[in-house]
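Undergrad:
2 protein chains.
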Amino acid sequence: MHVAIPLYPRFTALDAVGPYTVFAFAPGWQVTFVAAEPGPVTDDAGRLTLHAVAGYADLPRPDVVVVPGGPGTVEALGDRALLDWITGASRHARWTTSVCSGSFLLGAAGLLDGRRATTHWGWLDQLTTFGAVPVSERIVHDGDVVTAAGVSAGIDMALFLLGTAVDDRTAQAVQLAMEYDPQPPYRCGSPATAPAGLAETALSLIK
Amino acid sequence: MHVAIPLYPRFTALDAVGPYTVFAFAPGWQVTFVAAEPGPVTDDAGRLTLHAVAGYADLPRPDVVVVPGGPGTVEALGDRALLDWITGASRHARWTTSVCSGSFLLGAAGLLDGRRATTHWGWLDQLTTFGAVPVSERIVHDGDVVTAAGVSAGIDMALFLLGTAVDDRTAQAVQLAMEYDPQPPYRCGSPATAPAGLAETALSLIK
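From first to last, the protein sequence lines are chains V and D.
Going by my numbering, the letters in the first sequence line up with residues 646 to 852, in that order.
Going by my numbering, the letters in the second sequence line up with residues 646 to 852, in that order.
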């Protein structure tokens, strides 16, 4: 299976690298970072630069597309090359997926109309702009479109996809290889469990 | 606070990018990827290239050091420039830390003698080579040296460090901003919970 992860300026690093790491551990799977042109792309904090090794034209038919989110999605909503590539790739891909605000790019590419979808808790309601039905779940699977919640949710989504595409045993082996036995220091990773007022503080951290 | 993350060939991407993302969300914190010389460094799967933006000489006194692991640690054990930088930086840093097999580099830099430490479950016992006391915990804090278990454990460690250095509220806001409310699809992320025989399969996935 060939997974393509498009990069655009001001993506959030973990949105891309979480799923990447899961798929990179999977035997026989290949992951390629793509962009309009091969070259460096810098993240939202301006401190991490990842290399796209292929252009969109080089990889029109990946098996899986994972679109990361980040503050850069706002500008990327007007990036026709990116949106056209997502639309075209989705016609052949087994799954077209997103992490965090990457779902807005799936929406702009015309993939969410009438579908159940999720995104970061901070702007879940805005998915209706694209005709989607917002769902407050960690992973939302609607046919060949799979959307994940904010940032770290891409790890859970990638393991789920791997287990579905291959088998539970393979996904379990990857989960163990990456020692994904999370022990967050706080119970506040979703607005449902966070203390009062934390949501406003958290949103202020997103550049 | 200034966090330095050294990169070396064949590091594991999530070891570095997990903690990076946590610290990049923290207000007033800065994270810099360093290497012997600034430039691109490629990961263990050969598909992800991150840019080191500074050389070791440019950043001799970071506040926090996070050494990622990966199959490349074996060769990096002989990388004097890297080890000398870790040793020197540790003299002034508030914390010198590692993720996964990055702890072996702390050991080779002389930091683990007589200390409690952890690493990936697959080679925990080998920490005794450096005079360390292996501890099977997700995060092990021994004075100014903090070691984390395999790959994904760096996210938990970074949130713990942030909460200790600033306050719980700040770390909680970052945890919520990155929607770190993990829901792994399986309960098998440590050997203690994994089904029989999975450990061998998992280790075979590590290149």
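No residue lacks a Cβ here, since even glycine has one placed at the ideal position from N, Cα and C.
Because the structure is a prediction, the values reported are computed rather than measured.
May I ask you to verify whether the region 676-684 of chain D touches the region 664-684 of chain V, counting CB pairs closer than 8 Å and requiring at least 3?
TA: No contact exists between the region 676-684 of chain D and the region 664-684 of chain V.
Undergrad: How would you label residue 737 (chain D), buried or exposed, when you count the other beta carbons within 10 angstroms and need 16 or more for buried?
TA: Answer is exposed; the Cβ neighbour count stays below 16.
Undergrad: Kindly list, in the order they appear in chain D, the residues whose Cβ is closer than 9 Å to that of residue 819 (chain V).
TA: Those within 9 Å of residue 819 (chain V) in chain D are 847, 850.
Undergrad: Quick check on the DSSP output: the beta strand (DSSP E) that includes residue 588 (chain D) runs from which residue to which?
TA: Here chain D comprises residues numbered 646 to 852, so residue 588 (chain D) is not present and cannot be evaluated.
Undergrad: In chain order, what residues of the same chain lie with their CB nearer than 7 Å to the CB of residue 755 (chain D), ignoring the 5 residues before and after it?
TA: These residues qualify, in order along the chain: 732.
Undergrad: To which residues of the same chain is residue 692 (chain V) closer than 8 Å at the C-beta, ignoring the five residues directly before and after it?
TA: Cβ within range, chain order: n/a, list empty.
Undergrad: Mind listing, in chain order, the continuous beta strand (DSSP E) runs of no fewer than 3 residues lying wholly within the region 698-738 of chain V?
TA: Listed in chain order, they are 709-712.
Undergrad: Taking residue 648 (chain D) and residue 708 (chain D) to be in contact with their CB atoms under 8 Å, please state how far apart those CB atoms are, rounded to whole angstroms.
TA: Residue 648 (chain D) to residue 708 (chain D), Cβ: 7 Å. Contact.
Undergrad: Three-state secondary structure (DSSP) at residue 815 (chain V)?
TA: Helix.
Undergrad: Run down chain D in chain order and give the residues with a C-beta less than 9 Å from the C-beta of residue 783 (chain V).
TA: Neighbours of residue 783 (chain V) on chain D, chain order: 824, 826, 827, 828.
Undergrad: Counting only beta-carbon atoms, is residue 768 (chain D) nearer than 8 Å to chain V?
TA: So, not an interface residue.
Undergrad: Let me check understanding here. Comparing Cα to Cα, which of D:814, D:747, D:845, D:664 lies closest to residue 840 (chain V)?
TA: Considering only alpha carbons, the answer is D:814.
Undergrad: So with Cβ pairs under 8 Å, would you call residue 805 (chain D) a contact of chain V?
TA: Yes, residue 805 (chain D) lies at the interface with chain V (some Cβ there is under 8 Å from its Cβ).
Undergrad: So if I threshold CB-CB distances at 9 Å, which residues from the region 726-747 of chain D count as touching chain V?
TA: Answer in chain order: 745.
Undergrad: Can you give me the C-alpha to C-alpha distance between residue 803 (chain V) and residue 812 (chain V), rounded to a whole angstrom?
TA: When rounded, the distance between both Cα atoms is 13 Å.
Undergrad: Note down the Cα distance separating residue 619 (chain D) from residue 758 (chain V), rounded to an integer number of angstroms.
TA: Residue 619 (chain D) lies beyond the range of chain D shown here (646 to 852); nothing can be said about it.
Undergrad: Closer than 8 Å by beta-carbon distance: list the chain V residues that pair up with residue 786 (chain D), in chain order.
TA: Simply none; closest approach about 12 Å.
Undergrad: Can you list, in chain order, the residues of the region 662-679 of chain D whose Cβ is nearer than 8 Å to any Cβ on chain V?
TA: Of all residues in the region 662-679 of chain D, 662, 663, 665, 666, 669, 670, 671, 672, 675, 676, 677, 678 have a Cβ within less than 8 Å of some Cβ in chain V.
Undergrad: Could you tell me which of V:740, V:798, V:823 sits nearest to residue 849 (chain D), measuring between CA atoms?
TA: Of the candidates V:740, V:798, V:823, the one whose C-alpha sits nearest the C-alpha of residue 849 (chain D) is V:823.
Undergrad: Using beta-carbon positions only, say whether residue 713 (chain V) and residue 666 (chain V) come within less than 8 Å of one another.
TA: In this structure, residue 666 (chain V) does not lie closer than 8 Å to residue 713 (chain V) by Cβ.
Undergrad: Flag residue 684 (chain V) as yes if its beta-carbon sits less than 8 Å from any beta-carbon of chain D, otherwise no.
TA: No, because no Cβ of chain D sits closer than 8 Å to the Cβ of residue 684 (chain V).
Undergrad: Per DSSP, which one or two residues make a beta bridge with residue 754 (chain V)?
TA: In the DSSP output, where bridge partners are listed per residue, residue 754 (chain V) has none listed.
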